[in-house]
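Remarks on the structure that follows.
There are 2 protein chains.
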Amino acid sequence: MSDNRPHLSRAEQRRQTENRILAAARQLFATLGYDRTTIRGIAAAAEADPGLVMRYFGSKDALFARVAEVAPDQPVAGTPEEVAELLLAAMADKLESDAPGALAMLRSMLTHPDASDEVRAAIAEQQRQVAAALSADDAVLRAGLIGALTIGVLLSRHLLQLEGVRDAGAAEIVSVLRPAVHAITQGAAERDPRPRH
Amino acid sequence: MSDNRPHLSRAEQRRQTENRILAAARQLFATLGYDRTTIRGIAAAAEADPGLVMRYFGSKDALFARVAEVAPDQPVAGTPEEVAELLLAAMADKLESDAPGALAMLRSMLTHPDASDEVRAAIAEQQRQVAAALSADDAVLRAGLIGALTIGVLLSRHLLQLEGVRDAGAAEIVSVLRPAVHAITQGAAERDPRPRH
DNA sequence: TCGTTGAGTCTACGGTCGTTGACTGAACTG
DNA sequence: CAGTTCAGTCAACGACCGTAGACTCAACGA
Chain D
1 MSDNRPHLSR AEQRRQTENR ILAAARQLFA TLGYDRTTIR GIAAAAEADP GLVMRYFGSK
61 DALFARVAEV APDQPVAGTP EEVAELLLAA MADKLESDAP GALAMLRSML THPDASDEVR
121 AAIAEQQRQV AAALSADDAV LRAGLIGALT IGVLLSRHLL QLEGVRDAGA AEIVSVLRPA
181 VHAITQGAAE RDPRPRH
Chain U
1001 MSDNRPHLSR AEQRRQTENR ILAAARQLFA TLGYDRTTIR GIAAAAEADP GLVMRYFGSK
1061 DALFARVAEV APDQPVAGTP EEVAELLLAA MADKLESDAP GALAMLRSML THPDASDEVR
1121 AAIAEQQRQV AAALSADDAV LRAGLIGALT IGVLLSRHLL QLEGVRDAGA AEIVSVLRPA
1181 VHAITQGAAE RDPRPRH
């Protein structure tokens, strides 16, 4: 493991090893989820030693937290139509980039409490912004359903690899989903002001 | 554990114990997922012995398979509008009943290969029927997206417990989702340049 | 009544896990 | 060049897991 090319400064060597570990951790967490991924497995994939992983990152949990970071969504606001388009654009991004860190978070969100909280918080934030833009009595529900749709689509494509959703292009998916998302964001306005019951 | 009421036939006693184990297993698998649920934990929750769980159900995997059974969806066919309504009705059912068996399957589908296959197969079957009814070139994609939406909504409500989606009534959710689902099923006909007959 | 069955209990094996700490040797520093 | 630092190695720990098998004893059938 130490027989690398000619000269490598100690700092550079360390940086490379850390990166190998991070890359291996990202890939394994995304593929197997938190529980089935082991420090030993990460170390083996990174051609490093398990003890090294611990020393560099402290603990399995800390490594996961370091690896599975969710890039914050950019703010969403405007008319319901604009909000729908912004959400669709955000979805298109996530459909194309299969960032292993985000996939690790997605994969583990049903079994690892921290991942669950993280995902819930991320969705809640987007939900808050969308709900504010919709301004209807069921705006929170509508915003949540869009979040649910997003999660379902990403999950079906990247993790479950559903036929059709896996193969289609991001643009195609967004194009099919566009009327549906608009229907959810605009329905609030069309709905009559009287409470249904 | 054996000090139950007065008289219990051996068969009856066994039946009761099996049921306690099954109930505990369902609840734990649904709450923690496959990996974090242990035979020992199930036995403790059922006030039984781990060895007994093994003897009655063979293995942890077999117990999971026994517990996490997905009721097959009823067939879907008809015009796109009818298909949309059938799917919405099916979703309403799943929104109300939080059957622990189905939730166990849902919770474990991202980490347990068997659960993953089971869910994928169930969705694929519904996808096949929906796609047949839509008869457009992107019908498979549209059917898959409806499956993705369904998974996302169930997951957000029962497992992630998203605000809004968790509290709303099933009828309310279906009512908000109706235009969206119709948009997905009907878009096929509108886009299809070739006349239908 | 007496041997058989089987529900329930208990102990232990083999394995894997996260984590720790001592150790080695080469790259650094003065 | 001597001393220090630190990347990397190694062996072991305690805990927990699924699972196996021997054991106890009350319900059962003949």
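So the sequence lines, in the order shown, correspond to chains D and U. Counting from 1, one number per residue, gives the positions in the first sequence under this note's numbering. Counting from 1001, one number per residue, gives the positions in the second sequence under this note's numbering. Glycine included, each C-beta is placed from N, C-alpha and C at the ideal position. The structure presented is a predicted model; accordingly, all values stated were derived computationally and were not measured.
Can you tell me which of the three DSSP states residue i falls into?
i                 : result
Gln1081 (chain U) : Correcting the residue type first, residue 1081 (chain U) is Glu in the shown sequence and not Gln. Glu1081 (chain U): helix per DSSP, three-state reduction.
Gly1101 (chain U) : helix
Val1076 (chain U) : coil
Arg1020 (chain U) : helix
Ser1116 (chain U) : helix
Asp1138 (chain U) : coil
Ala1148 (chain U) : helix
Ser1175 (chain U) : helix
Val153 (chain D)  : helix
Asp1049 (chain U) : coil
Val1165 (chain U) : coil
Met1091 (chain U) : helix
Met54 (chain D)   : helix
Val70 (chain D)   : coil
Arg108 (chain D)  : For clarity, residue 108 (chain D) is Ser in the given sequence; the question names Arg instead. Ser108 (chain D) falls in the helix class under three-state DSSP.
Thr1037 (chain U) : coil
Leu28 (chain D)   : helix
Leu1159 (chain U) : helix
Leu1008 (chain U) : coil
Ile1042 (chain U) : helix
Determine, for residue i, whether the minimum Cβ-Cβ distance to residues of chain D falls below 7 Å.
i                 : result
Ser1097 (chain U) : no
Leu1063 (chain U) : no
Thr1111 (chain U) : yes
Val1067 (chain U) : no
Arg1194 (chain U) : Low per-residue confidence applies at Arg1194 (chain U): pLDDT is 40, beneath 50, and the placement is therefore not dependable, though the value from the model is reported in the following sentence. False, the Cβ-Cβ gap to chain D never drops below 7 Å.
Pro1100 (chain U) : no
Using a cut-off of 9 Å between C-beta atoms, extract the partners of residue i located in chain U.
i                : result
Gly152 (chain D) : Leu1145, Gly1147, Ala1148, Leu1149, Thr1150, Ile1151, Gly1152, Val1153, Leu1154, Leu1155, Ser1156
If the cut is a Cβ gap below 7 Å, which residues of chain U does residue i touch?
i                : result
Ala179 (chain D) : In the sequence on display, residue 179 (chain D) carries Pro and not Ala. Those are Ala1183, Gly1187, listed as they occur along chain U.
Val140 (chain D) : Glu1163, Gly1164
For a contact defined as C-beta to C-beta under 9 Å, what are the partners of residue i on chain D?
i                 : result
Val1119 (chain U) : Leu160
Ser1116 (chain U) : Leu159, Leu160
Worksheet item: Going along the segment 40 to 59 of chain D in order, which residues come within less than 9 Å of chain U, judged by CB to CB distance?
Response: none
Worksheet item: Taking a cut of 8 Å between CB atoms, which residues from the segment 11 to 24 of chain D lie near chain U?
Response: For the segment 11 to 24 of chain D, there are no residues whose beta carbon sits under 8 Å from a beta carbon of chain U.
Practice prompt. Could you run through the segment 1123 to 1134 of chain U and flag, in chain order, every residue whose CB is less than 9 Å away from some CB of chain D?
Written response: So the close ones are Ile1123, Ala1124, Gln1127, Ala1131.
Item to complete: Below 9 Å between beta carbons is the criterion; list the residues of the segment 1026 to 1040 of chain U that meet it against any residue of chain D, in chain order.
Response: Leu1032, Gly1033, Tyr1034, Asp1035, Arg1036
Worksheet item: Along the segment 1158 to 1176 of chain U, what residues have a CB closer than 9 Å to any CB found in chain D?
Response: Leu1159, Leu1160, Gln1161, Leu1162, Glu1163, Gly1164, Val1165, Arg1166, Asp1167, Ala1168, Glu1172, Ile1173, Ser1175, Val1176
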